[in-house]
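K.L.:
The following block contains the structure, expressed as structure tokens.
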Ligand code: AMP
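Numbering (our numbering), first residue to last: 377 to 494.
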């Protein structure tokens, strides 16, 4: 069940501000408020989807294509494609997903070391 009161839903409705990178009909990209790398941008679909599973099972082909092309475009805009970057999508409890609106973290600007801490 999608929670209309989650913080990314409020950002999408313009109720709270974000440090926007770019957007189009399919996605909104903004800087993470608590960056975990020198470059850390979040990309979210405009539609109301809780998670990767919710998005990829329920969104239209057009939404899915637009979103992933958006992720690629954002990576290009923030200049991480050449040097390399990582995308992360936390899903559910074991991944400690904090915000229940599907999002992809785009991380870069430095060597990101191993996939998991420790
Ligand atoms: P996750 O654990 O994958 O759900 O990550 C949620 C991310 O959202 C975290 O990295 C937070 O720092 C980030 N975040 C939470 N609130 C905001 C906000 N208002 N603006 C930007 N990023 C946020």
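Think of the CB as a built atom: it goes at the ideal place given N, C-alpha and C, for glycine as much as any other residue.
These numbers come from a predicted model, not from an experiment.
Alpha carbon to alpha carbon, how far is residue 419 from residue 458? Give it in angstroms, no decimals.
P.N.:
If I take the Cα positions, the gap works out to 19 angstroms.
K.L.:
For residue 396, which option in 407, 464, 487 and 432 has the closest C-alpha, if you only look at C-alpha atoms?
P.N.:
Closest option to residue 396, Cα to Cα, is 407.
K.L.:
Suppose the cutoff is 7 angstroms on Cβ atoms and the five residues either side in sequence are ignored; what does the same chain contact list for residue 413 look like?
P.N.:
Within the same chain, residue 413 has close Cβ partners 483, 484, 485, 486 and 488.
K.L.:
Within 10 Å of its beta-carbon, does residue 321 have 16 or more other beta-carbons around it, so buried, or fewer, so exposed?
P.N.:
The structure shown does not extend to residue 321, since the chain spans only 377 to 494, so no value can be given for it.
K.L.:
DSSP three-state call for residue 464: helix, strand or coil?
P.N.:
Looking at residue 464 - three-state DSSP - the assignment turns out to be strand.
K.L.:
Given a cut-off of 9 angstroms, decide if residue 454 and residue 415 are closer than it, judged by their beta-carbon atoms.
P.N.:
Cβ atoms of residue 415 and residue 454: closer than 9 angstroms.
K.L.:
Measuring only from the beta carbon, is residue 418 closer than 8 angstroms to any heavy atom that is part of ligand 1?
P.N.:
Residue 418 Cβ: within cutoff of ligand 1.
K.L.:
I'd like to know if the segment 377-394 and the segment 433-449 are in contact, where contact means that at least 3 CB-CB pairs between them fall below 8 angstroms.
P.N.:
At 8 angstroms Cβ cutoff, the stretches do not touch.
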